[in-house]
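Each residue of the sequence shown is one higher than the one before, counting from 7 in the numbering used here. Step one of this worksheet: look at the structure below.
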Amino acid sequence: MKKLLFNLVWAAAGMLAFLLIFEQRIAVPAYLQVAGRLHPALLHFPIALNVLYLLWVLRRPGDQENGKTLLLLAAASSVFTALAGLLLLRESGYDAESIAAHKWSGAALAFFNLLWYVFYDKIRTRQQMLLAVLAGGTSLLTGHWGGEITHGKDYLSAPLAPTAVNAAPTADFEAMEVFAHLVEPILRQKCYSCHNEQKAKGGLVMSNREALQKGGKNGPLWQPQSGQSLLLDRLHLPLEHKEHMPPAGKPQLSEVEKSILRRWIQGGAAFDQKVASLPENDSLRILAQGSLQAQTTEQFHFPAASEQLVRQLNTQNLVVRQQAVGSPALQADFYGAQLFQAGQLQALLKVKQQLVELNLNKMPLRDADLPVVAQFTELRQLNLAFTQISSAGLAALAPLKALRKLSLSGTAVDAGMLPALQQLPALKQVQVWNTALTAADIAALKGQLPGIQFEPGYQNDTVLLRLPAPQVLNENQFLREPELLRIKNFVSGASVRYSLDGSEPDSLQSPLYTPELKISKGGPVKLKAFKAGWASSAVTEAYFFSAHQQPDSIWNLLPPEPDYRHVKARKLLDLKRGDKDNFRSGEWQAYRYGPMETMMQFNTPMPLSGITISYLLGIGSYIMPPQSVEVWGGEQPGNLRLLGKLTPQQPEQVKPNANAALEVKFAQTSVRFIKIKANPVAKLPKWHPGKGDVGWFFMDELVVF
């Protein structure tokens, strides 16, 4: 057996020498590429066997026979691993110069081990030990250079370096850059191992900015003009798809990481943009604050307030919640100026030890109320924008020694607030747009308070700025009874108009939103902000479901795709929508290669006039609206009649992920059984990156009305 193995190794060594000499003239056929791809699996054996032989010689130097057998195994593994590595190197994506050290050290180790075995009997025991140390060290060094190819430069020593991946950024929030502190760490951890200067799969290098912008053999990773992105398309392909990135078996991106990349690319993929320059309500800034929580949020040492107390403090116009998961710090936001009462601030003092952020924007707050605010001595952020306070009243805030950010926009403050600000040692940022402060006043304040950043807002009146879109605050989208529509309007004096029929609101015909507006039936709600001298906002859309009727039971007639069969049919009735960026949240049922057929039963006949299906729109991940929907009903499951049918409109371009809904309406009829059938898209359209492939259909709720 030893002789046969030796002959095989000798022949393989000859082939290895041949490939090293004629490497550039050889084209590797497909079946040998398979052998080359065994290199990552084989490379552990020569390292282990050479180190094992070293330990063997040190512990049992007199056992020559078994030692020689172990050396033959080390020689065989070294030769076959080096041979597979050369075959792998012939594939595209590897830079010959950067991989040279790994290649030649691996080949040298292979020949060294083989010749050592041939002359084994002529080498003395002490010399065997020296050779074992040399071979073991070479194998470790070769493995280290190989690790740098797949995992980046200084792979082994990276955790000890001050610039290690797991080292926290040293810049404060205002100095942090979107790419350097948010995007690049994701690419480094999840992409660099296959796309670096040493190993550029698909001709793509992502480890420097110039190469990242250039892209690979399939073109640029994003198109700034159209917003389309090959990178995002590959990330959102199903895991089993051959072009999904990172490949199955490699560490995958989290939903937050995907969101950061998507927002960065859709925002123009700037490499020098500061996180702090993004608007307060910008989704990327919000994601950034969440991602950088550990670096930008201080560690609080005060005890947490009880959950029961926090719940008691929440009212119709006051939301009190944790600032971050696991943190004792709280933040409080007031809404609805008509409902605000100064006594609510007194009640909030029950958590004054935990409250670090207080939002009183647009509340009827007066100077006389500020001494109460000053009792929240742990405040880091205070928003007094568009309240009735003045510079004189700010003196009451002197106890807020930890306050860092203060918003005074839209108030009556003037240059006389200087003494009050001088009493706040931790203050770093003050927002003063829409105030009486002139450019000269702000310059004077900056001269007196160089450590504070004053934000006067945009001053160029010749540019028509676009209003920010209103934000819907209602958490419950399933209506069992009429509910007030709660919104946040970001610009003082802007009016918000709405529609309930799916049309886009306009400034003349659409009704004006008031806090008394109640939503009593299901359907889309669209909102748009208007103000003279401003461009109207984008449309905000929310969908509410009429959940007055609930089936008594539900079951699937046809099973979902295998990976989603653990999601029981009852989840479709739990009045909880799934996470649009997390397909594995446990809320989604998914169909692709067959229709969805689900049956619902009422114990007694129920008059119904339609059904709403809540589904996922994830175009880049092949998740589309259903191609067709049918609703059947009747008194017995074996005797159903067609009640309604719908062919949903299909998208015409790639868009961000979204929760969507469709309604199938029919003449009111009394039924005990309802069957819903939905067919996934059989063939993706020509404009889609996966044109011709089969689409997915994801749904999370079925609501009858």
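C-beta atoms are modelled at their ideal positions from N, C-alpha and C, and glycine is treated no differently. Because the structure is a prediction, the values reported are computed rather than measured.
query: Check whether the segment 532 to 552 and the segment 689 to 701 are in contact - that is, three or more C-beta pairs closer than 8 Å.; result: no
query: Report all residues from its chain with a CB closer than 8 Å to the CB of residue 578; omit the five preceding and five following residues, and keep chain order.; result: 560, 595, 604, 705, 706, 707 and 708
query: Whole angstroms are fine: how far does the CA of residue 244 sit from the CA of residue 607?; result: 33 Å
query: Count the other CB atoms, across all protein chains shown, that sit within 10 Å of the CB of residue 503; report buried if there are 16 or more and exposed otherwise.; result: buried
query: With a threshold of 16 other CB atoms inside 10 Å of the CB of residue 5, please say whether the residue is buried or exposed.; result: As displayed, the chain neither begins before 7 nor continues past 711, which places residue 5 out of reach and without an answer.
query: Go to residue 638, then tell me how far its alpha helix (DSSP H) extends in each direction, as first and last residue.; result: Element bounds for residue 638: not the alpha helix (DSSP H) but the beta strand (DSSP E), 634 to 642.
query: Is the number of C-beta pairs between the segment 550 to 560 and the segment 481 to 491 that are closer than 8 Å three or more?; result: yes
query: Could you check if residue 564 is buried or exposed, using at least 16 other CB atoms within 10 Å of its CB as the buried criterion?; result: exposed
query: For residue 123, count neighbouring Cβ atoms within 10 angstroms of its own Cβ and tell me buried if that reaches 16, exposed if not.; result: buried
query: Given a cut-off of 7 Å, decide if residue 142 and residue 60 are closer than it, judged by their beta-carbon atoms.; result: yes
query: Thinking C-beta only, is residue 590 closer than 7 Å to residue 641?; result: no
query: Do residue 92 and residue 25 come within 7 Å of each other at the CB atom, strictly closer than that value?; result: yes
query: Please report the distance separating the alpha-carbon of residue 682 from that of residue 277.; result: 48 Å
query: The alpha helix (DSSP H) spanning residue 540 covers which residue range?; result: It is not in any alpha helix (DSSP H) - residue 540 carries neither H nor E in the DSSP assignment.
query: Just to check my reading of the structure: residue 2 and residue 621 have Cβ atoms closer than 8 Å, yes? What is that Cβ distance to the nearest angstrom?; result: Any answer about residue 2 is impossible in this case: the structure gives the chain only from 7 up to 711.
query: Which class does residue 129 belong to by DSSP, given the choice of helix, strand or coil?; result: coil
query: Can you give me the Cβ contacts of residue 99 inside the same chain, cut-off strictly under 7 Å, excluding the 5 residues immediately before and after it?; result: Because the pLDDT of residue 99 is 46, which lies under 50, any placement of that residue in the model is unreliable, and the number read from its coordinates should be weighed accordingly. 205, 206, 207, 208 and 209, listed in sequence order.
query: On the DSSP bridge list, what partners appear for residue 595?; result: 705
query: Can you tell which of 625, 428 and 539 has its C-alpha closest to the C-alpha of residue 754?; result: Outside the displayed range of the chain (7 to 711) lies residue 754, so it cannot be described from this structure.
query: Within 10 Å of its beta-carbon, does residue 586 have 16 or more other beta-carbons around it, so buried, or fewer, so exposed?; result: buried
query: Give the straight-line distance between the Cα atoms of residue 410 and residue 439, rounded to the nearest whole angstrom.; result: 18 Å
query: Please look up how many angstroms separate the CB atoms of residue 543 and residue 442, rounded, as I've assumed it's under 8 Å.; result: Going by Cβ atoms, the distance from residue 543 to residue 442 rounds to 27 Å, so no, they are not a contact pair.
query: Along the chain, where does the alpha helix (DSSP H) containing residue 265 start, and where does it finish?; result: 261 to 272
query: Assign residue 655 to buried or exposed, taking buried as 16 or more other Cβ atoms, counted over all protein chains shown, within 10 Å of its Cβ.; result: exposed
query: Just the C-alpha distance for residue 7 and residue 76, rounded to the nearest angstrom, thanks.; result: 14 Å
query: Looking only at its chain, what residues have a beta carbon closer than 6 Å to the beta carbon of residue 53, apart from the 5 residues adjacent to it on each side?; result: 145 and 149
query: At the level of alpha carbons, what is the spacing between residue 224 and residue 190?; result: 21 Å
query: From 369, 477 and 352, pick the residue whose C-alpha is nearest to that of residue 381; which is it?; result: 352
query: Please classify residue 648 as buried or exposed, where buried requires at least 16 neighbouring CB atoms within 10 angstroms.; result: exposed
query: What do you reckon, are the CB atoms on residue 345 and residue 323 nearer than 7 Å?; result: yes
query: Measuring only the C-alpha atoms, how far is residue 78 from residue 213?; result: 40 Å
query: Using 8 Å for Cβ pairs, my map puts residue 82 next to residue 11. What's the rounded Cβ distance?; result: 6 Å
query: Excluding five sequence neighbours on each side, which residues of the same chain lie with their C-beta closer than 6 Å to the C-beta of residue 609?; result: 558
query: Are the Cβ atoms of residue 653 and residue 634 separated by less than 7 Å?; result: yes
query: Which residue's Cα is closest to the Cα of residue 330: 444, 392, 362 and 348?; result: 362
query: Is residue 545 helix, strand or coil by DSSP?; result: coil
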